[in-house]
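Visitor: Line by line, the protein sequences give chains Z and C. Under my numbering, the first residue of the first sequence carries the number 1, and numbering increases by one thereafter. Under my numbering, the first residue of the second sequence carries the number 1, and numbering increases by one thereafter. Dumping the structure here so I can ask a few things about it.
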Amino acid sequence: MGGREATMVLLDENGIRCDGRKIDETRKITIKAGVLKNADGSAYIEFGDNKILVGIFGPRDVHPKHMSDTDTGILRVRYHMEPFSVTERKNPAPSRREIEISKVIKEALEPAVMLEKFPRTAVDVFIEVLQADGGTRCAALSAASVALADAGIPMRDMVAACASGKVADTIVLDVNNEEDQAGQADMPIGYMPNFEKITLLQLDGILTPEEYKKCVEVGVNGCKIIYEIQKKALNDKYFGSGKD
Amino acid sequence: MENKRKYVIPGDLVTSGPFRPEQNVVLEGNKIISTTVGISEIYDDSVRVISLTGKYIPKIDDLVIGKVISHTSLSWELDINSCYVGFLPAQDVFGRDFSAHADELSSKLKTGDLVAARIANFDRTRDPLVTISDRDLGKIDSGALVKISPSKVPRLIGKRGSMIQMIEQATNAAITIGQNGWVVVSCESPEGLLKAKKAIQMVDEKAHIANLTDQVKDMLESKGES
Numbered sequence: 001m002g003g004r005e006a007t008m009v010l011l012d013e014n015g016i017r018c019d020g021r022k023i024d025e026t027r028k029i030t031i032k033a034g035v036l037k038n039a040d041g042s043a044y045i046e047f048g049d050n051k052i053l054v055g056i057f058g059p060r061d062v063h064p065k066h067m068s069d070t071d072t073g074i075l076r077v078r079y080h081m082e083p084f085s086v087t088e089r090k091n092p093a094p095s096r097r098e099i100e101i102s103k104v105i106k107e108a109l110e111p112a113v114m115l116e117k118f119p120r121t122a123v124d125v126f127i128e129v130l131q132a133d134g135g136t137r138c139a140a141l142s143a144a145s146v147a148l149a150d151a152g153i154p155m156r157d158m159v160a161a162c163a164s165g166k167v168a169d170t171i172v173l174d175v176n177n178e179e180d181q182a183g184q185a186d187m188p189i190g191y192m193p194n195f196e197k198i199t200l201l202q203l204d205g206i207l208t209p210e211e212y213k214k215c216v217e218v219g220v221n222g223c224k225i226i227y228e229i230q231k232k233a234l235n236d237k238y239f240g241s242g243k244d
Numbered sequence: 001m002e003n004k005r006k007y008v009i010p011g012d013l014v015t016s017g018p019f020r021p022e023q024n025v026v027l028e029g030n031k032i033i034s035t036t037v038g039i040s041e042i043y044d045d046s047v048r049v050i051s052l053t054g055k056y057i058p059k060i061d062d063l064v065i066g067k068v069i070s071h072t073s074l075s076w077e078l079d080i081n082s083c084y085v086g087f088l089p090a091q092d093v094f095g096r097d098f099s100a101h102a103d104e105l106s107s108k109l110k111t112g113d114l115v116a117a118r119i120a121n122f123d124r125t126r127d128p129l130v131t132i133s134d135r136d137l138g139k140i141d142s143g144a145l146v147k148i149s150p151s152k153v154p155r156l157i158g159k160r161g162s163m164i165q166m167i168e169q170a171t172n173a174a175i176t177i178g179q180n181g182w183v184v185v186s187c188e189s190p191e192g193l194l195k196a197k198k199a200i201q202m203v204d205e206k207a208h209i210a211n212l213t214d215q216v217k218d219m220l221e222s223k224g225e226s
C-alpha cells in the first residue's frame, strides 16, 4: 500500500529512519484551535501527512432521548475517514476499524472530561480524517482534546496522544504509515500530562517485557511533546501569544 | 498584576495550598487545577478561573433573556441559549387562580416572543425553573437582540458596570443583558442603536484586550463626530 518504494530501509546505520527522522523524533505537528464557526469548539491538526478536523457540539440535548443519563452527561465520538483520505477510495460507511477507533477515543477522553457537571446532556465529538498517514487515532485524540477545551467543556486535564513502536528491532517514537506496515510493533498511547495517567494504550505486535517498558516510556515522552503543541494552540487562540 | 492573574488551560496548576476552590477549578489532593481555558484569580482564601469560552449554565437568580419555543396547557418552554430549556409555569403569569381550561397561554406569550426572566430554581435533576413575576421582567416588546458569547458577559458589564454604563451614556440606549449572552438594546435614535450594537459586538470580539474600555470609548466618540 501507499505506492511508495517497496524495498525501503526502515532504519539506516546512522539511526536515521525512512523519512529522515531520528528514533526519538516526532513528525512535524501543528494544531490550530477554533477553526470552525458553527461548531461549539473545533481544532485542526496536521501530524506529518495526517490532516484531521475535529468539531464539538455540546453540552446539548440528547437525541434519541432514551440515551440520556440522569446522573451524568454522555460523550459521543464519531471517527470518520473521508473517501479521499487514503490512496484507494474508502467506502464512507463506518467500517469495523472506525467503530473501534471511535470507541477507544471516547474512552480515552472520558477520564478527563467532567461530564458529571451536565446531567441529561450529550457532548458530541466529530472527527473527520481528511488525509491519513499512520497514527491517525493519536492525532485525532490530541486534536479532540484541544477542540473540547475550545468548546469550554470542563476537563481535569488535557489528553495528549502519540504512538511509539518497534521498527528494525529498535524502539522508535511516532510510527508513520510505512513503519506501521513493515515494522514489528505499534503502540498508541493517550496520556494526561498533569495527572501522569495513561488513558489509552493499545499494542499491535510482539514486544518483550523490557521492550514494552521502553516503548511506554518513549511514547509518554512523545505525549509530553504533543502537550506543549496543544498548549501553544490554545494560547494562540485565547491569549494571542503576546499580540495586542 | 493584581490577584496574581494568570492565563490557564485545562489541567494547569493554578496554585496549591489552603484555598477554597470556586468557579472552574477542582481540588485534587492539595493542588487546585483549572478545568477550562481562562484567567485564574487568586484571592485571600479562594481561587477561581474566569472562563473565556463555553456555553451558558443556568445559575439561580441569574437574569436571562429567553425566547418562547413552545407551550403546553400548563407551561411555556423558553430557549435560554443553554443545554437546558427554561420552564415557565402558567401560574407565574396568570396567578394562583390559573385554570387550564379557562386560560389560554398563547394569549399572554406566543412562540417566538422574547422575555426577560430570572432563574428561580435549578438543580441537576430538573430543567431550570424561570419566573417573570418581578419588576423589570416579562415580555420584551421592542429592541434589537444581540447574541454574544455567554463567557464575555462579565466583560460587557465591566467592573461595577463601568463598560455598560459607558455604552448606555454615549448612545442613550437602554441595554438589558442576559447572563446567557443574549442582550436586548433599545434606543430612540437609530444611530444610537447601531452604535450600541457595534460596541457590544466589539466587546465580544476583543474581550481579551486589556484596555478595552478605552478602545470602545474611542469608537463611540469617533463615530459621533463623523
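Glycine is no exception: its CB is placed at the ideal position from the N, C-alpha and C atoms. None of these values were measured; they are calculated from a predicted model.
How big is the Cα-Cα spacing for residue 198(C) and residue 171(C)?
Guide: For the purposes of this step, residue 198(C) is taken as the residue at position 198 of the second sequence. For the purposes of this step, residue 171(C) is taken as the residue at position 171 of the second sequence. Near 11 Å, if we compare the C-alpha coordinates of residue 171(C) and residue 198(C).
Visitor: Would residue 56(C) pass as a contact of residue 211(C) if the rule is Cβ separation under 9 Å?
Guide: For the purposes of this step, residue 56(C) is identified with residue 56 of the second sequence, where counting begins at 1. For the purposes of this step, residue 211(C) is identified with residue 211 of the second sequence, where counting begins at 1. Not a contact, by the Cβ cut-off of 9 Å.
Visitor: Determine, for residue 232(C), whether the minimum Cβ-Cβ distance to residues of chain Z falls below 9 Å.
Guide: Here chain C comprises residues numbered 1 to 226, so residue 232(C) is not present and cannot be evaluated.
Visitor: Would you tell me roughly how many angstroms separate the C-alpha atoms of residue 165(Z) and residue 50(C), rounded to the nearest one?
Guide: Position 165 of the first sequence, counted from the first residue, corresponds to residue 165(Z). Position 50 of the second sequence, counted from the first residue, corresponds to residue 50(C). Near 41 Å, if we compare the C-alpha coordinates of residue 50(C) and residue 165(Z).
Visitor: Tell me, please, whether the CB atom of residue 244(Z) is closer than 9 Å to any CB atom in chain C?
Guide: Start at 1 with the first residue of the first sequence, and residue 244(Z) comes out as number 244. Residue placement at residue 244(Z) is flagged as unreliable, the pLDDT there being 40, under the threshold of 50; the coordinate-derived value follows with that caveat. Chain C, which has a Cβ nearer than 9 Å to the Cβ of residue 244(Z), makes this yes.
Visitor: In chain order, what residues of the same chain have a beta carbon less than 8 Å from the beta carbon of residue 193(Z), not counting five sequence neighbours either side?
Guide: Here residue 193(Z) corresponds to residue number 193 of the first sequence, with the count starting at 1. So the qualifying residues of the chain are 157, 158, 160, 223, 224 and 227.
Visitor: Under 8 Å, with one C-beta from each stretch per pair, do the stretch 167-177 of chain Z and the stretch 19-27 of chain Z reach the 3-pair mark?
Guide: The stretch 167-177 of chain Z is in contact with the stretch 19-27 of chain Z.
Visitor: So residue 85(C) and residue 79(C) are supposed to be a Cβ contact under 8 Å. How far apart are they, rounded?
Guide: Within the second sequence, the letter at position 85 stands for residue 85(C). Within the second sequence, the letter at position 79 stands for residue 79(C). Rounded, the Cβ-Cβ distance is 7 Å, consistent with contact.
Visitor: Determine the direct distance from the alpha carbon of residue 211(Z) to that of residue 14(Z), and round the result to whole angstroms.
Guide: One-based indexing of the first sequence puts residue 14(Z) at position 14. One-based indexing of the first sequence puts residue 211(Z) at position 211. Rounded to the nearest angstrom, the two C-alpha atoms are 21 Å apart.
Visitor: Since residue 41(Z) and residue 147(Z) are thought to touch, with beta carbons under 8 Å apart, how far apart are those beta carbons, to the nearest angstrom?
Guide: Residue 41(Z) sits at position 41 when you count from the first residue of the first sequence. Residue 147(Z) sits at position 147 when you count from the first residue of the first sequence. With a Cβ gap of about 5 Å, residue 41(Z) and residue 147(Z) count as contacting.
Visitor: Give a yes or no on whether 9 Å exceeds the smallest Cβ distance from residue 11(C) to chain Z.
Guide: By one-based count along the second sequence, residue 11(C) stands at place 11. It does; some Cβ of chain Z falls within 9 Å.
Visitor: Should residue 204(C) go down as buried or exposed, given a rule of 16 or more other Cβ atoms within 10 Å for buried?
Guide: Here residue 204(C) refers to the residue found at position 204 of the second sequence. Looking at its Cβ environment, which holds 16 or more other Cβ atoms inside 10 Å, residue 204(C) is buried.
Visitor: Please list the partners that residue 61(Z) has in chain C, where partner means a Cβ-to-Cβ separation under 9 Å.
Guide: In the first sequence, residue 61(Z) corresponds to position 61, counting from 1. Simply 83, 84 and 85.
Visitor: Identify the continuous beta strand (DSSP E) that holds residue 147(C) and give its terminal residues.
Guide: The residue given as residue 147(C) occupies position 147 in the second sequence. Per DSSP, residue 147(C) belongs to the beta strand (DSSP E) from 144-147.
Visitor: Can you list, in chain order, the stretches of the beta strand (DSSP E) that have 3 or more residues and sit fully within the stretch 155-206 of chain C?
Guide: 174-177 and 182-186, all fully within the stretch 155-206 of chain C.
Visitor: Please name the residue in 51(Z), 94(Z) and 71(Z) whose C-alpha comes closest to that of residue 80(Z).
Guide: As a working mapping, residue 80(Z) is identified with position 80 in the first sequence. Among 51(Z), 94(Z) and 71(Z), the Cα nearest to that of residue 80(Z) belongs to 94(Z).
Visitor: What is the residue span of the beta strand (DSSP E) that residue 122(C) lies within?
Guide: As a first step, residue 122(C) must be located in the second sequence, where it is residue number 122. 114-123 is the extent of the beta strand (DSSP E) around residue 122(C).
Visitor: For the alpha helix (DSSP H) that contains residue 237(Z), what are its first and last residues?
Guide: Working through the first sequence from its first residue, we reach residue 237(Z) at position 237. From DSSP, the alpha helix (DSSP H) with residue 237(Z) extends over 209-238.
Visitor: Would residue 51(C) count as contacting chain Z if we go by Cβ distances under 9 Å?
Guide: Within the second sequence, the letter at position 51 stands for residue 51(C). Judged by the 9 Å Cβ criterion, residue 51(C) is in contact with chain Z.
Visitor: Exposed or buried, which one is residue 9(C) when buried takes at least 16 other CB atoms within 10 Å?
Guide: Counting from 1 along the second sequence, the entry for residue 9(C) is found at position 9. Residue 9(C) should be labelled buried.
Visitor: Please state whether the Cβ-Cβ distance between residue 53(Z) and residue 123(Z) is less than 9 Å.
Guide: Counting from one through the first sequence, the residue named residue 53(Z) turns up at place 53. Counting from one through the first sequence, the residue named residue 123(Z) turns up at place 123. Going by C-beta atoms, residue 53(Z) is not nearer than 9 Å to residue 123(Z).
Visitor: Output needed for residue 177(C): all residues of its chain with C-beta closer than 7 Å, excluding positions within five of it in sequence on either side, in chain order.
Guide: Within the second sequence, the letter at position 177 stands for residue 177(C). Contacts found: 153, 156, 157, 164 and 183.
Visitor: Three or more beta-carbon pairs under 8 Å between the stretch 137-152 of chain Z and the stretch 103-113 of chain Z, yes or no?
Guide: A contact exists between the stretch 137-152 of chain Z and the stretch 103-113 of chain Z.
Visitor: At 8 Å on the CB atoms, spell out the chain Z contacts of residue 33(C), in chain order.
Guide: Within the second sequence, numbered from 1, the residue matching residue 33(C) stands at position 33. Those are 156, 157 and 194, listed as they occur along chain Z.
Visitor: So does the stretch 61-71 of chain C actually touch the stretch 37-53 of chain C, counting three or more Cβ pairs closer than 8 Å?
Guide: At 8 Å Cβ cutoff, the stretches do not touch.
Visitor: DSSP has residue 165(Z) in a bridge; who is on the other side?
Guide: As a position in the first sequence, residue 165(Z) is number 165, starting the count at 1. For residue 165(Z), which the question treats as bridged, DSSP gives the partners 172(Z) and 186(Z).
Visitor: With distances taken between CB atoms, is the gap from residue 60(C) to residue 122(C) smaller than 9 Å?
Guide: Counting from one through the second sequence, the residue named residue 60(C) turns up at place 60. Counting from one through the second sequence, the residue named residue 122(C) turns up at place 122. Yes, these two residues count as a Cβ contact at 9 Å.
Visitor: I'd like to know whether the C-beta of residue 24(C) is nearer than 9 Å to at least one C-beta of chain Z.
Guide: Numbered from 1 along the second sequence, position 24 holds the residue referred to as residue 24(C). Closer than 9 Å to some Cβ of chain Z, the Cβ of residue 24(C) qualifies, so yes.
Visitor: Report all residues from its chain with a CB closer than 7 Å to the CB of residue 138(C); omit the five preceding and five following residues, and keep chain order.
Guide: Taking the second sequence and counting its residues from 1, the one referred to as residue 138(C) is at position 138. Answer for residue 138(C): 115, 116 and 132, listed in chain order.
Visitor: Using the beta-carbon of each residue, which ones in chain Z are nearer than 7 Å to residue 124(C)?
Guide: Along the second sequence, one-based indexing puts residue 124(C) at 124. Simply 119.
Visitor: Where DSSP assigns a beta bridge to residue 122(Z), which residues make up the other side?
Guide: In the first sequence, counting from the first residue as 1, residue 122(Z) sits at position 122. For residue 122(Z), which the question treats as bridged, DSSP gives the partners 60(Z) and 74(Z).
Visitor: Any beta carbon from chain Z within less than 9 Å of residue 228(C)'s own beta carbon?
Guide: Residue 228(C) lies beyond the stretch modelled for chain C, which goes from 1 to 226, so this question has no answer here.
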